[in-house]
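Asker:
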Amino acid sequence: VVRFFGLAVSGRNIVVRFLLAFLFSMFAFVAFVVLPSRIANLASAFFPLTAGTIGATVASSLIAPSEPTLGLLIVLLMFAGVFLRGTNLYGPLLILNGLVYVVLVYTFFRGGLLDLSALGDVFGAQATRITVTADTRVLMTVLLIGPALTILKGLLLMRRGPKTDS
Amino acid sequence: LALPHRAVKVINILIAVSLLAGAAIVIPMALVVVGGGPVITVGPVISHFQMGTVNLHVPLSIRNGGVLDIKDVGVALTVLDPWGDPIITGSTGSFTVAAHSMDDVNVTLVPNLHALTPAELRDLLFNDHTLTFHASLNASMPPLTSVQSFATGQLPWGAPMKNLTFALSGISAYNSTHSIVTWAYTFYDNSQYFHVVANVNGTVLDSSGRDVGVILPTSVDVSRGHTFHGVLKAIILSSAIAQVSNGHLTAYLDVSIQSLFLVKIPVVLSG
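Just so you know, the sequences run in chain order A and B. Position 58 (the first sequence) corresponds to 68 in the working numbering; numbering is contiguous. Position 192 (the second sequence) corresponds to 819 in the working numbering; numbering is contiguous.
(1) For B/Val831 and B/Ile863, which I take to be in contact (beta-carbon distance under 8 Å), what is that distance rounded to the nearest angstrom?
(2) Counting contacts by CB-CB distance shorter than 7 Å, is A/Glu77 in contact with chain B?
(3) May I have the straight-line CA-CA distance separating B/Phe722 from B/Ile652, to the nearest angstrom?
(4) To which residues of the same chain is A/Met168 closer than 7 Å at the C-beta, ignoring the five residues directly before and after it?
(5) Just verifying my parser: in three-state terms, what is the DSSP assignment at B/Tyr812?
(6) Under 8 Å between beta-carbons, which chain A residues line up against B/Pro686? List them in chain order, please.
(7) Measure the C-alpha to C-alpha separation of B/Asn817 and B/His756 and round it to an integer number of angstroms.
(8) Suppose the cutoff is 6 Å on Cβ atoms and the five residues either side in sequence are ignored; what does the same chain contact list for B/Asp712 look like?
(9) Distance check for B/Val669 and A/Asn107, CA to CA, integer angstroms please.
(10) How about the segment 774-783 of chain B and the segment 748-765 of chain B: do they share at least three Cβ pairs that are nearer than 8 Å?
(11) Starting from B/Met729, trace the beta strand (DSSP E) both ways and give me its first and last residue.
(12) Is B/Ser645 near the ligand NAD - that is, is its Cβ less than 6 Å away from at least one heavy atom of it?
(13) Residues of chain B with CB closer than 7 Å to the CB of A/Val142, please, in chain order.
(14) Going by the CB atoms, is the gap between B/Ala726 and B/Asp699 shorter than 7 Å?
(15) Could you tell me which of A/Phe119, A/Lys163, A/Ala128 and A/Val142 sits nearest to A/Leu149, measuring between CA atoms?
(16) What residues are listed by DSSP as bridge partners for A/Arg139?
(17) For A/Leu83, which residues in the same chain have their Cβ closer than 8 Å to its Cβ, ignoring the five residues on either side in sequence?
(18) Run down chain A in chain order and give the residues with a C-beta less than 7 Å from the C-beta of B/Ile652.
(19) Please confirm if A/Asp145 has its CB atom under 7 Å from at least one CB of chain B.
(20) With DSSP run on the structure shown, which of helix, strand or coil describes B/Val920?
(21) When you compare only the Cα positions, how much space is there between A/Pro58 and B/Pro769?
(22) Applying the 10 Å Cβ sphere with the 16-neighbour rule, what's the burial state of B/Pro671?
(23) Quick check on A/Thr97 - is its C-beta less than 7 Å from some C-beta in chain B?
(24) Note down, in chain order, each residue of its chain lying with its Cβ closer than 6 Å to the Cβ of A/Asp125, except the 5 sequence neighbours on either side.
(25) Compute the distance between the beta-carbons of B/Ser728 and B/Asn682, then report whether it is under 7 Å.
(26) Report the residue from B/Leu771, B/Ser834, B/Ser865 and B/Gln870 whose alpha carbon sits nearest the alpha carbon of B/Asn802.
(27) Rounding to the nearest angstrom, what Cα-Cα distance links B/Val808 and B/Asn790 in this structure?
(28) Taking Cβ-Cβ distances shorter than 8 Å, what residues in chain B pair up with A/Thr160?
(29) Would you decide whether B/Ile642 is buried or exposed? Buried here means 16 or more other CB atoms lie within 10 Å of its CB.
(30) Rounded to a whole number of angstroms, what is the C-alpha to C-alpha distance between B/Tyr815 and B/His853?
(31) Quick one, are the C-beta atoms of B/Asp881 and B/Gly836 less than 7 Å apart?
(32) Counting only beta-carbon separations shorter than 7 Å, does B/Leu771 have a partner in chain A?
(33) How would you call B/Gln870, buried or exposed, if buried means at least 16 neighbouring beta carbons within 10 angstroms?
(34) Classify A/Val26 as buried or exposed, calling it buried when 16 or more other Cβ atoms lie within 10 Å of its own Cβ.
(35) DSSP three-state call for B/Gly845: helix, strand or coil?
(36) Straight-line CA distance for B/Pro738 to B/Gly785?
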């Protein structure tokens, strides 16, 4: 048994933590890095013919340039969060994780008013400028509750100290 | 330490609930997209000519393959003439496309041909143009999201009477004072939207504006993408016949297309 950032853990426990952290971070990698980078192809597959072209272009513009970087940050924080769960660092990591999620959700929904633009084919007229404005403030707010609670949990854990996380 | 410990437990439960609520919202919305839609299919424009008016119907099929109803769906379309004025407007009104269903609606377009001046009408009749359209589509999944989309594009306009040409084909005596002059005429219906059904009549004036003859009524009926060959006959004062050869006679053809609008077409008659 060794002291690991204020937490007493065995060598086996560290290996299990590493494997779980790796598993969860791979899941996060697929969800926050791979899928967003493939969203145009996915949209093309789901939408038929010309609607697919428009759907793919609109879907591509849905991903802000900063989102892949935020996705990678989430992967790293997911790994660190699982690996360092219950340690002195877990609280700050949760706060950081929650903040990155908040930024990611806010960026994805562009503050709740999505304004997308694409070129497509409408009524057989090619290169038609299509703009889509979506009011997603309610949806965004619902999705921000989880990260906000995560930040709160991180603050409480920092106040409480290590080893007693349930 | 007791308060944070209990609070962390409560927050853990709240986080779990918020994750479930998020999934319960996001998954059905994602299924709307994954379910293959909404997919909008635009059918061919159907035109109804009746009592000097025309209604254009654009059939739309909207398929909602998702698990949520799409509400407040509305489609609107405006077509501008080459000079920037709206000549066709139409909208569907608001309707709901239920989950796992397909709705067929008609966008009824109302042409506003009165906005066109006679010169603009003639221009559209004889020349190809590009028309601008503005289309909008609204939909919502209350209370989570509402979407407004706009499209602006160009539509081709093919001249319904493209390359209208006349060629003198004969002059014969009608009576002691008048002659019958015959012209062969031809044009190509290059319109993408309607075929030309028209009645033609008119008068013939000389270079000083004096009425010297009358065009015998004739009719035109040609399908889209076809060339029409017709014969135009005019009874003209024999004393004015000499002016045919030097191009001093002008026929003012009153062309009534589909009983919708009347275009006066000046044609210099020569041969």
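Ideal Cβ placement from N, Cα and C applies to all residues, glycine included.
Answerer: So, from the data block:
(1) 6 Å
(2) no
(3) 23 Å
(4) Gly101 and Pro102
(5) strand
(6) Within chain A, no residue comes near B/Pro686; the closest Cβ sits about 13 Å away, beyond 8 Å.
(7) 11 Å
(8) Here the set comprises Ala742.
(9) 46 Å
(10) yes
(11) Ser728 to Pro738
(12) In terms of ligand content, the structure shown is empty, and the ligand NAD therefore cannot be addressed.
(13) Val774 and Ser776
(14) no
(15) A/Phe119
(16) The partner list for A/Arg139 (beta bridge, DSSP) reads A/Leu129 and B/Thr779.
(17) Val110
(18) What B/Ile652 touches in chain A, judged by beta-carbon distance under 7 Å, is Leu149 and Val152, going in chain order.
(19) yes
(20) In this structure chain B extends from 628 to 898, so residue 920 of chain B is not present and cannot be described.
(21) Confidence at A/Pro58 is low in this model, with a pLDDT of 45, below 50, so the placement of that residue should be treated as unreliable; the coordinate-derived value is given next. Cα to Cα, A/Pro58 sits roughly 26 Å from B/Pro769.
(22) Taking a 10 Å sphere around the C-beta of B/Pro671, we find fewer than 16 other C-beta atoms and assign the residue as exposed.
(23) no
(24) Thr143
(25) Note that the C-beta distance between B/Ser728 and B/Asn682 is not below 7 Å.
(26) Ranking the options by Cα distance to B/Asn802, first place goes to B/Ser865.
(27) 22 Å
(28) Ile642
(29) Result: buried.
(30) 6 Å
(31) no
(32) yes
(33) buried
(34) exposed
(35) Reading off the sequence, residue 845 of chain B comes out as Thr, not Gly. If DSSP states are grouped into helix, strand and coil, B/Thr845 belongs with the strands.
(36) 17 Å
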